[in-house]
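Residue numbering for the sequence shown follows UniProt numbering, starting at 1 and increasing by one per position.
We put the beta carbon where it would ideally sit given N, CA and C, even for glycine.
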Amino acid sequence: MSPLDRNPPVLRGQDGEGSVQVHQDASMKIEGAKVFSVYGKGGIGKSTTSSNLSAAFAKLGKRVLQIGCDPKHDSTFTLTGRLQPTVIDILKEVDFHPEELRPEDFVTEGWGGVQCVEAGGPPAGTGCGGYVVGQTVKLLKQHHMLDDTDVVIFDVLGDVVCGGFAAPLQHADRAVIVTANDFDSIYAMNRIIAAVQAKSANYKVRLAGCVANRSKATDEVDRYCDVVGFNRIAHMPDFDAIRRSRLKKKTLFEMPDEDDIVMARAEYVRLAETLWRGTEPLAPAPLPDREIFELLGFD
């Protein structure tokens, strides 16, 4: 019998079957702010939702920090009007000596005073995004950028549910899923729910609900939510004004007071108020792939 057989290692931080995650260092805990992670299918409008939600929180007088967690570093450009350098690129420039950096090197103030950070990520196929998220939070804490913050929003890329890009869930109080009223988006949401549920076994994160985005109707989203025990907490119709705001590199709160824009702004403010007041910690039961396939759509 080998030594390992006699004394098997203690595996801490098991997040689900076949998964072993390292527990977060207690010193990296974000304290004093309400923390939200925004997830959803790739291209569903997470960055649009995150940036307008940040602007809505700012409109309510909250001090907001938005962290983009995508190597494309395009989460915050509607708040700042430009693509900003990533934390990982800036750290490379100083040979990973964070003590040489100042907050203005990696934080840009956007509309409404929202503090904007782009974590970035490793080149495709070369590393884990979780490392970048961890280094970003560490850097923000070292420079006391979280001390005077009311709300932190992590904008997380795609429908990736690997350990790396599930890393923001280690910091979040609530996870928000952006979906549309279609099969692919809801199918991805179902898998993200399973990922959040796995993390919630070891972390404080719970599901807040979903935002139906770019959707005239919400019948399929609502049907899914009724079956699994989930909530739709906002609905953003498929307004062309939202698409135009991205092209103009602005949030909706900087756009002209057209009827559609005013309506969309009001819904983002309502969502911000809902999240700030606090949502019930949801524990939906995600469906097996075959069951969700049979649930959605028409015969």
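Burial state of residue i, where buried means 16 or more other Cβ atoms lie within 10 Å
i	result
residue 144	exposed
residue 92	exposed
residue 173	buried
residue 156	buried
residue 201	exposed
residue 72	exposed
residue 171	buried
residue 106	buried
residue 285	exposed
Own chain partners of residue i with C-beta closer than 7 Å, once the 5 adjacent residues on each side are dropped
i	result
residue 166	195, 199
residue 50	38, 66, 75, 153, 155
residue 35	152, 171, 172, 173
Straight-line gap, residue i to residue j (C-alpha atoms, nearest Å)
i	j	result
residue 280	residue 229	12 Å
residue 22	residue 168	Confidence in residue 22 is poor, its pLDDT being 49 and thus under 50, which makes the residue's placement too unreliable to answer from.
residue 120	residue 250	21 Å
residue 222	residue 58	29 Å
residue 234	residue 206	17 Å
residue 131	residue 289	30 Å
residue 242	residue 29	34 Å
residue 264	residue 283	29 Å
residue 117	residue 217	34 Å
residue 114	residue 33	14 Å
residue 236	residue 252	12 Å
residue 69	residue 135	12 Å
Check: residue i C-beta below 7 Å from any heavy atom of the ligand ATP
i	result
residue 229	Absence of the ligand ATP from the depicted structure is noted, as is the absence of any ligand whatsoever, leaving it without description.
Span of the alpha helix (DSSP H) around residue i
i	result
residue 315	Outside the displayed range of the chain (1 to 299) lies residue 315, so it cannot be described from this structure.
residue 80	77 to 80
residue 102	No alpha helix (DSSP H) holds residue 102; DSSP gives it neither H nor E.
Nonlocal neighbours in the same chain, by C-beta distance under 6 Å from residue i, ignoring five residues either side
i	result
residue 208	174, 176, 279
residue 239	260, 264
residue 203	170
Boundaries of the beta strand (DSSP E) in which residue i is found, first to last residue
i	result
residue 34	34 to 40
residue 67	64 to 69
Using a Cβ distance threshold of 8 Å, determine whether the stretch 67 to 87 contacts the stretch 243 to 251, with at least three qualifying pairs required. yes
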